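Structure, as structure tokens:
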Amino acid sequence: MKSKRFSWLKQLSWSKIIGWLKQAGVYLLLFIVMSMAVDWWRGKDFPKTQIPALSGTSVQGEGFDINELSKDQAVIVYYWASWCSVCTFVSPVVNTLSAYYPVLTVALSSGEDKIIKKYLQIKEYDFAVINDNNSELGKDWQVKVTPTIFIVKDGEVKSFTTGFTSLPGLWWRLITA
């Protein structure tokens, strides 16, 4: 009985496996190139050297200033929303990196401070959050989609990405900033 169940395994050959791996590699390369092209298109008009002001107090009561925070170190500036489905995958990545790098996040149109605090508590996120309930900061930073991530160092945008990103992808952007 077991021999019939796994008979397909005997039919696999190394040439088939290598063929599948090559195909997967081509698709991965195509995905990376397309993602980079979309990021370039969305960020082509964003001023990278004179970024908009980003300072004030987070919902946790912490003061912040992106220009001061980004002196001599890369900072993750993460625009997200509690209603964003892709953000549910990206936020844990940002939260993980917040233990090693400064992170400043902006919650777009996500409700009052107490709602955001409750959301952070439920999800167990430790990053600082600015409540941008009217999306004014999002407009200043020309954020058109959530999630959007900027890597800022020395007051300049060194990297920009939108949509899904992985832990290795975001980490790579940080170390090359």
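Here my numbering is used: the first residue of the sequence shown is 449, the next is one more, and so on.
Every residue, glycine too, gets a C-beta built ideally from N, C-alpha and C.
Keep in mind the model is a prediction, meaning the values are calculated, not measured.
Among the candidates Cys532, Gly603 and Tyr573, whose CA atom is the shortest distance from the CA of lysine 592?
Indexing the sequence shown from 1 puts residue 592 at position 144. The candidate whose alpha carbon is nearest that of lysine 592 is Cys532.
Note down the Cα distance separating valine 538 from alanine 547, rounded to an integer number of angstroms.
Position 90 of the sequence shown holds residue 538. Position 99 of the sequence shown holds residue 547. Distance between the alpha carbons of valine 538 and alanine 547: 15 Å.
Return the chain-ordered ranges of every alpha helix (DSSP H) run that is complete within the region 535 to 597 and spans a minimum of 4 residues.
Listed in chain order, the complete alpha helix (DSSP H) runs (minimum 4 residues) inside the region 535 to 597 are 535 to 545, 561 to 571 and 584 to 588.
Classify valine 481 as helix, strand or coil using the three-state DSSP reduction.
Position 33 of the sequence shown, counted from the start, is the residue given in the question as residue 481. The answer is helix: DSSP assigns valine 481 an H, G or I state.
Glutamate 516 lies in the beta strand (DSSP E); which residues open and close that run?
As a working note, residue 516 is residue 68 in the sequence shown. Premise fails: glutamate 516 lies in the alpha helix (DSSP H), 514 to 517, not in any beta strand (DSSP E).
Excluding five sequence neighbours on each side, which residues of the same chain lie with their C-beta closer than 7 Å to the C-beta of phenylalanine 612?
Your numbering for residue 612 matches position 164 in the sequence shown. Excluding residues within five positions, the ones whose Cβ falls inside 7 Å are Val534, Phe537 and Val538.
Does phenylalanine 598 pass the burial test, meaning 16 or more other C-beta atoms within 10 Å, or should it be called exposed?
One-based indexing of the sequence shown puts residue 598 at position 150. Phenylalanine 598 comes out buried.
When you compare the region 544 to 559 with the region 570 to 588, are there three or more beta-carbon pairs, one atom per stretch, that lie closer than 8 Å?
Cβ pair count under 8 Å is three or more, so yes.
Taking the alpha carbon of glutamate 516 as the reference point, which residue from Leu469, Glu604 and Leu622 has its own alpha carbon closest?
Within the sequence shown, residue 516 is the residue found at index 68, counting from 1. Answer by Cα proximity: Glu604.
Can you give me the start and stop residues for the beta strand (DSSP E) that tryptophan 528 sits inside?
Counting from one through the sequence shown, the residue named residue 528 turns up at place 80. 523 to 528 is the extent of the beta strand (DSSP E) around tryptophan 528.
Between which two residues does the beta strand (DSSP E) containing glycine 504 stretch?
In the sequence shown, residue 504 corresponds to position 56, counting from 1. Taken as a continuous stretch (DSSP letters only), the beta strand (DSSP E) holding glycine 504 covers 503 to 505.
Using only the alpha-carbon positions, how far apart do isoleucine 563 and serine 530 sit?
Taking the first residue of the sequence shown as 1, we reach residue 563 at position 115. Taking the first residue of the sequence shown as 1, we reach residue 530 at position 82. For isoleucine 563 and serine 530, the distance between alpha carbons rounds to 10 Å.
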